[in-house]
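When the letters of the sequence shown are read in order and numbered with the UniProt record's numbering, they come out as residues 1 to 324.
Glycine is no exception: its CB is placed at the ideal position from the N, C-alpha and C atoms.
Right, one structure below, let's go through it.
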Amino acid sequence: MRMLNNRKRFSDLSEREVLALAIASEEDDARIYRNWAEFLRADYPATAAVFDGVGDEEDEHRRQLIEAYRSRFGEAIPVIRREHVAGYYSRRPAWMMQNLSLDAIRAEAATMEHDAAEFYTRAAQASSDAATRKLLGDLAAAERGHEERAGELSDEHLTPEAREEEDAISHRNFVLTWVQPGLAGLMDGSVSTLAPIFATAFATQDTGTTFLVGLAASLGAGISMGFTEAASDDGIVSGRGSPFKRGFSSGVMTAIGGLGHALPYLIPHFWTATIIACIVVFIELWAIAWIQNRWMQTPFWRAALQVVVGGGLVFATGVLIGSG
Numbered sequence: 001m002r003m004l005n006n007r008k009r010f011s012d013l014s015e016r017e018v019l020a021l022a023i024a025s026e027e028d029d030a031r032i033y034r035n036w037a038e039f040l041r042a043d044y045p046a047t048a049a050v051f052d053g054v055g056d057e058e059d060e061h062r063r064q065l066i067e068a069y070r071s072r073f074g075e076a077i078p079v080i081r082r083e084h085v086a087g088y089y090s091r092r093p094a095w096m097m098q099n100l101s102l103d104a105i106r107a108e109a110a111t112m113e114h115d116a117a118e119f120y121t122r123a124a125q126a127s128s129d130a131a132t133r134k135l136l137g138d139l140a141a142a143e144r145g146h147e148e149r150a151g152e153l154s155d156e157h158l159t160p161e162a163r164e165e166e167d168a169i170s171h172r173n174f175v176l177t178w179v180q181p182g183l184a185g186l187m188d189g190s191v192s193t194l195a196p197i198f199a200t201a202f203a204t205q206d207t208g209t210t211f212l213v214g215l216a217a218s219l220g221a222g223i224s225m226g227f228t229e230a231a232s233d234d235g236i237v238s239g240r241g242s243p244f245k246r247g248f249s250s251g252v253m254t255a256i257g258g259l260g261h262a263l264p265y266l267i268p269h270f271w272t273a274t275i276i277a278c279i280v281v282f283i284e285l286w287a288i289a290w291i292q293n294r295w296m297q298t299p300f301w302r303a304a305l306q307v308v309v310g311g312g313l314v315f316a317t318g319v320l321i322g323s324g
């Protein structure tokens, strides 16, 4: 709260402070672009080269601003940063950026350039010095032109072959981090809970009890699968991505898979609930086969045979045990 009370409004900044803020902002942005470049270099070398180029341009902007400051105010540049100014645009911390997809990082870069252009436009309007006003106006135009410059750098580094390769890597990372663990969870939740839910249903013919068993089995399986997936591989060597993301995907999809045919037992009429649950099971199993075909390139009929036959056997086991 003390920090918030000490923040200045942009309109209250002197021209000396505006230039100091611009210098610090350009330095921060250059570091952000280079951090992205380093983060992306292993898998996306062409995009990393684009961000290296943009970082170099931010350094040039900072150099021009420092020269303008020295010519007017001398060598001592005051410490003033984004967080010191109320309402000034902020940047995400580095650890948050590492959780963004390639397309999200590119979109974030476009937002950064837009924010910087708006800042320089406002700063130029508030400046009373002709040379400073011209410099700030030129920088506003340069930031708006960075999208075009990024396009030029993309044309230089992101050849069609390089873009295709990067898109393939991005797709692979998405599949390994989200789809594969989510699919494993959906399969486990849908299939493994069939036997206990339908065994309970046919043994008791009590929808309330069946729902509670299904709820417990689904949530328990979701928690177990989530922790197991997250703890099994930190993703560093295998390249499967964040263990938290994989655990979240696996746990949530496991719970959804089980709850799909547990929720119908909220209906008090046993046979109505059971028929609806059977329809849901049918949809779940075919959805799993479609996901395997769509994302894992498994031939559809092979996936359908594996999932539907396996699920059918587990379903029949539960019914037989419950009826006996």
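Taking Cβ positions, are residue i and residue j nearer each other than 7 Å?
i, j, result
"P78", "A126", "no"
"S218", "L285", "no"
"L65", "I23", "yes"
"I288", "V307", "yes"
"A30", "D59", "yes"
"G189", "G257", "yes"
"residue 403", "P181", "Residue numbering for the chain in the displayed model covers 1 to 324; residue 403 lies beyond these limits and cannot be assessed."
"Y33", "V18", "no"
"V314", "L194", "yes"
"R16", "F73", "yes"
Taking residue i as part of the alpha helix (DSSP H), name the residues at either end of that continuous run.
i, result
"S128", "S128 -> no alpha helix (DSSP H), and no H or E assigned at all."
"G258", "P243 to A262"
"N6", "Looking at the DSSP string, N6 is not in any alpha helix (DSSP H), and its letter there is neither H nor E."
"D52", "P45 to F73"
"S192", "Q180 to S192"
"A216", "T207 to S232"
"R294", "F270 to W295"
"D29", "E15 to L40"
Go ahead and label residue i buried or exposed: buried means 16 or more other beta carbons lie within 10 angstroms of its beta carbon, across all protein chains shown.
i, result
"W271", "exposed"
"M187", "buried"
"V309", "exposed"
"R62", "buried"
"S71", "exposed"
"L4", "Residue placement at L4 is flagged as unreliable, the pLDDT there being 46, under the threshold of 50; a coordinate-derived value is accordingly withheld."
"A107", "exposed"
"P268", "exposed"
"R240", "buried"
Rounding to the nearest angstrom, what Cα-Cα distance links residue i and residue j in this structure?
i, j, result
"T132", "V50", "29 Å"
"V85", "M225", "46 Å"
"N35", "P299", "41 Å"
"D206", "L102", "50 Å"
"Y88", "F10", "7 Å"
"T228", "L135", "57 Å"
"I321", "T200", "9 Å"
"G311", "F244", "28 Å"
"S90", "E118", "13 Å"
"E113", "G220", "47 Å"
"L212", "T47", "51 Å"
"W295", "D43", "20 Å"
"A39", "D28", "It is worth fixing the name first, because residue 39 is Phe in this sequence and not Ala. Taking the straight line from one Cα to the other gives about 16 Å."
"D52", "R92", "19 Å"
"S14", "A110", "28 Å"
"T210", "E83", "55 Å"
"T231", "L139", "Correcting the residue identity first, residue 231 is Ala in this sequence and not Thr. Looking at the two C-alpha atoms, the distance is approximately 48 Å."
"F282", "P45", "45 Å"
Using 8 Å for Cβ pairs, my map puts residue i next to residue j. What's the rounded Cβ distance?
i, j, result
"L176", "I291", "With a Cβ gap of about 15 Å, L176 and I291 do not count as contacting."
"I185", "M253", "As written in the sequence, residue 185 is Gly, which differs from the Ile given in the question. Yes, G185 and M253 are in contact; Cβ-Cβ is about 4 Å, under 8 Å."
"A262", "L215", "6 Å"
"A116", "E75", "The pair is not a contact, with the Cβ atoms about 25 Å apart (cut-off 8 Å)."
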